[in-house]
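A.B. asks: First, the structure itself, so that you have it in front of you.
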Amino acid sequence: HIIRDGGTEPPFSGALLYEHSDGMFHCKQCGAVLFSSGSKFDSGSGWPSFTEPDVASAVRLVDDSTLGMNRTEVRCAACDGHLGHVFDDGPRDRGGQRYCINSLSLSFEPKTDKR
29 HIIRDGGTEP PFSGALLYEH SDGMFHCKQC GAVLFSSGSK FDSGSGWPSF
79 TEPDVASAVR LVDDSTLGMN RTEVRCAACD GHLGHVFDDG PRDRGGQRYC
129 INSLSLSFEP KTDKR
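Count along the sequence shown from 1, then add 28; that gives the number in my numbering.
See the structure below:
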């Protein structure tokens, strides 16, 4: 429902909200790399938040006027799956963006030591 129909998971319910390990966040639908753990921060919003995608072209931004609000939807550029929304209330010292992403739209791959 979330990734295909643009739904939203309840705040503070997603397992990846509390993921603080080093690694990469991928699109759960197609596996594309979307966000690095280095861009993740605790916004207090109830959803995993990132300051930027790992590569700008990994996501597609779409105007969204549903629910009587004007927002910017974030979609996976590879498969067009709904990820969440981006807002201009992120950390100012890190560009000011808050990519507010549903945990259920993501999978996480921890960084591995290759010694």
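Even for Gly, the Cβ is constructed at its ideal location relative to N, Cα and C.
Is there contact between the stretch 38 to 51 and the stretch 89 to 103, where contact requires at least three CB pairs shorter than 8 angstroms?
C.D. replies: These segments do not touch.
A.B. asks: Tell me where the beta strand (DSSP E) around R99 begins and ends.
C.D. replies: Numbered from 1 along the sequence shown, position 71 holds the residue referred to as residue 99. Segment 99 to 104, the beta strand (DSSP E) holding R99.
A.B. asks: Which same chain residues, not among the five before or five after F115, have their C-beta less than 7 angstroms away from its C-beta?
C.D. replies: For the purposes of this step, residue 115 is taken as residue 87 along the sequence shown, with counting starting at 1. Cβ within range, chain order: R126, C128.
A.B. asks: Taking buried to mean at least 16 other C-beta atoms within 10 Å of its own C-beta, is H29 buried or exposed?
C.D. replies: Position 1 of the sequence shown, counting from 1, holds the residue named residue 29. Exposed, since its Cβ has fewer than 16 Cβ neighbours within 10 Å.
A.B. asks: Can you tell me which of D82, A60, Q57 puts its alpha carbon nearest to the alpha carbon of K68?
C.D. replies: As a first step, residue 68 is located in the sequence shown; it is residue number 40 there, counting from the start. Nearest of D82, A60, Q57 to K68, Cα basis: D82.
A.B. asks: Identify the continuous beta strand (DSSP E) that holds D91 and give its terminal residues.
C.D. replies: Taking the first residue of the sequence shown as 1, we reach residue 91 at position 63. Note, D91: beta strand (DSSP E), 87 to 92.
A.B. asks: Would you report the Cα separation of G51 and E80, rounded to the nearest angstrom?
C.D. replies: To locate residue 51, count along the sequence shown from 1; it is residue 23. To locate residue 80, count along the sequence shown from 1; it is residue 52. Distance between the alpha carbons of G51 and E80 is about 15 angstroms.
A.B. asks: Can you tell which of G112, D70, L89, S49 has its C-alpha closest to the C-alpha of K56?
C.D. replies: Within the sequence shown, numbered from 1, the residue matching residue 56 stands at position 28. Ranking the options by Cα distance to K56, first place goes to G112.
A.B. asks: Could you tell me the boundaries of the alpha helix (DSSP H) in which R32 lies?
C.D. replies: Counted from its first residue, the sequence shown places residue 32 at position 4. Note, R32: alpha helix (DSSP H), 30 to 33.
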